[in-house]
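Chemist: What follows is a single structure, and I will ask about it in a moment.
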Amino acid sequence: MHLKKLKINIILMLALVLLNGAAAAEPELSNRLTPLQPPLMAPDFTLEDMDGKPHALHDYRGNWVLVNFWATWCPPCRKEMPSLERLYQAFHDRPFRVLAVNQWEDADLVFSYMGELNVFPDFPILFDSHSQVSQAYGVHGLPTSFIIDPQGRIAYRAVGGREFDHPDVMRLIRELLER
Amino acid sequence: MTTRPGKRITAMALALASGIAAGDVVPEFNPASGLTSWHVQGQGFDIKLVQLLPDFVRAVLASRGLSSDVIDAVSSYCAFGTIVRNRTAAALSYDVADWRYVTHDGVAHRGKTKAEWVREWRARGIAFRWIVLPEAQTFEVGDWGQGFTTVKLPPGTHFDLHYSWTQGGETHRTVIKDMQCASEEIEN
């Protein structure tokens, strides 16, 4: 049994290395977010963070909120996460917040993944253990991100990985904050 | 990674001869992994398919804590890691249910879609549904996605992939000639 598990782990590690190699050869992350016209009301949710503290979306009213649906095993999610932290650091003293909503994983797994990053993200990591919130948002694939305006409406959407600290994205966030 | 120019030229020539739009088809054989990938770009809808070993599929599912019956069921399919991307300046959509895997005996096989997998898994109380490429999506400018695509074919089977996408009411069809499911194990 242990040998079988060991074999699976070795194959998985090898395969992840190979697939990550393939992903590395892929075009870079996108930098465009699609405006929703007209904006749609964002489904409200309350999810717990890594310390078990609940976060309700409606408590963030008055801020621009970037909601990012992700998982540790998803290569583009892993690739975009550091840029998400850099974006957050650039605007965290303004009314701009980031909520990273993990799919179907637990705090121990996510904590160990975060330990692999150069910088531990300062924004809340929330747990959507049964993917109910992602379903409410109509998320088909990971990662998918939404920007929610101060009135609680979905203003922008991005399907697939993004380079969140790309100058185009930074400019967009700056413009939103100056509205 | 190395590219096999002969295979690339053959694939492009066959696609052109079929009368269906041909993109820049680039099969790449990775000598380290023993696996081949196919990348079509230059048509606006980029697609890359990477062979997946049955053992890799088993390992991914096992690492998600899925039960052995699910693991056996999924790993019996020919699977590809699939990356699709909108490189145009307008929205486009695709539907995997319209794609066909045509084996060399002329039989057109339909892939098993994410919706079909989710229906089957949900019946067994399994909520995990993120690894399979969404069967139908509209991609706005810059959007992209990835996931497994699956078809019930034995390891090593050769086939032509006929796929399509739609933009502005027009459906674009392309064929990638002589793709191959991964073997049961890496061939050295």
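Protein chains in written order, with this note's numbering: chain A, 23 to 201; chain B, 140 to 327.
From the three backbone atoms N, C-alpha and C, an ideal C-beta is built for every residue, glycine too.
So, for residue 263 of chain B: in the same chain, excluding its five sequence neighbours on each side, which residues have a beta-carbon less than 8 Å away from its beta-carbon?
Modeler: For this step, residue 263 of chain B is matched to residue 124 along the second sequence. Result list for residue 263 of chain B: 206, 208, 209, in chain order.
Chemist: Count the other C-beta atoms from every protein chain shown that fall within 10 angstroms of the C-beta of residue 265 of chain A, then say buried if there are 16 or more, exposed otherwise.
Modeler: The shown model of chain A, from 23 to 201, leaves out residue 265 of chain A, and the question about it has no answer.
Chemist: Under 8 Å, with one C-beta from each stretch per pair, do the region 64-78 of chain A and the region 101-110 of chain A reach the 3-pair mark?
Modeler: Touching, no.
Chemist: Let's see if you can read the secondary structure: which residues bound the alpha helix (DSSP H) around residue 105 of chain A?
Modeler: Counted from its first residue, the first sequence places residue 105 of chain A at position 83. Run containing residue 105 of chain A: 97-113, per the alpha helix (DSSP H) assignment.
Chemist: Is the Cβ of residue 122 of chain A closer than 8 Å to any Cβ of chain B?
Modeler: Within the first sequence, the letter at position 100 stands for residue 122 of chain A. Closer than 8 Å: no.
Chemist: Distance check for residue 183 of chain B and residue 53 of chain A, CA to CA, integer angstroms please.
Modeler: Position 31 of the first sequence, counting from 1, holds the residue named residue 53 of chain A. Position 44 of the second sequence, counting from 1, holds the residue named residue 183 of chain B. Taking the straight line joining both Cα atoms gives about 17 Å.
Chemist: Do the region 111-127 of chain A and the region 291-301 of chain B make contact, defined as three or more Cβ pairs closer than 8 Å?
Modeler: Result no; under three Cβ-Cβ pairs closer than 8 Å.
Chemist: So for residue 230 of chain B, helix, strand or coil by DSSP?
Modeler: Reading the second sequence from its first residue, position 91 is the one you call residue 230 of chain B. Here residue 230 of chain B sits in coil by DSSP.
Chemist: Where does residue 171 of chain B fall in DSSP's three states?
Modeler: In the second sequence, the residue the question calls residue 171 of chain B occupies position 32. Residue state, collapsed to three classes: coil.
Chemist: Starting from residue 195 of chain A, follow the alpha helix (DSSP H) in both directions and report where the run begins and ends.
Modeler: Residue numbering aside, residue 195 of chain A sits at position 173 when the first sequence is read from its first letter. Residues 189-199.
Chemist: Looking at chain A, is there any beta carbon in it that lies within less than 8 Å of the beta carbon of residue 285 of chain B?
Modeler: Walking along the second sequence from the start, residue 285 of chain B turns up at place 146. Chain A contact via Cβ: present.
Chemist: Taking only beta-carbon positions, decide if residue 281 of chain B is within less than 8 Å of chain A.
Modeler: Stepping through the second sequence from its first residue, residue 281 of chain B is reached at position 142. Answer yes: the Cβ-Cβ gap between residue 281 of chain B and chain A drops below 8 Å somewhere.
Chemist: Does the beta-carbon distance from residue 165 of chain A to residue 71 of chain A come in below 8 Å?
Modeler: Taking the first sequence and counting its residues from 1, the one referred to as residue 165 of chain A is at position 143. Taking the first sequence and counting its residues from 1, the one referred to as residue 71 of chain A is at position 49. Not in contact: residue 165 of chain A and residue 71 of chain A (Cβ atoms no closer than 8 Å).
Chemist: Fully enclosed by the region 300-327 of chain B, which beta strand (DSSP E) runs are 3 residues long or longer?
Modeler: The qualifying runs are 309-319.
Chemist: I'd like to know if the region 210-218 of chain B and the region 194-202 of chain B are in contact, where contact means that at least 3 CB-CB pairs between them fall below 8 Å.
Modeler: In short, these stretches touch, since the Cβ pair count reaches three.
Chemist: In the DSSP assignment, the beta strand (DSSP E) including residue 92 of chain A goes from what residue to what residue?
Modeler: The residue you call residue 92 of chain A lines up with position 70 of the first sequence. Start and end: 86-92.
Chemist: Please identify the residue among A/112, A/163, A/171 whose C-alpha is closest to the C-alpha of residue 189 of chain A.
Modeler: The residue labelled residue 189 of chain A in the question sits at position 167 within the first sequence. If we check each option's Cα against that of residue 189 of chain A, A/112 comes out closest.
Chemist: What is the rounded straight-line gap between the Cα of residue 171 of chain A and the Cα of residue 226 of chain B?
Modeler: By one-based count along the first sequence, residue 171 of chain A stands at place 149. By one-based count along the second sequence, residue 226 of chain B stands at place 87. Roughly 27 Å between the two C-alpha positions.
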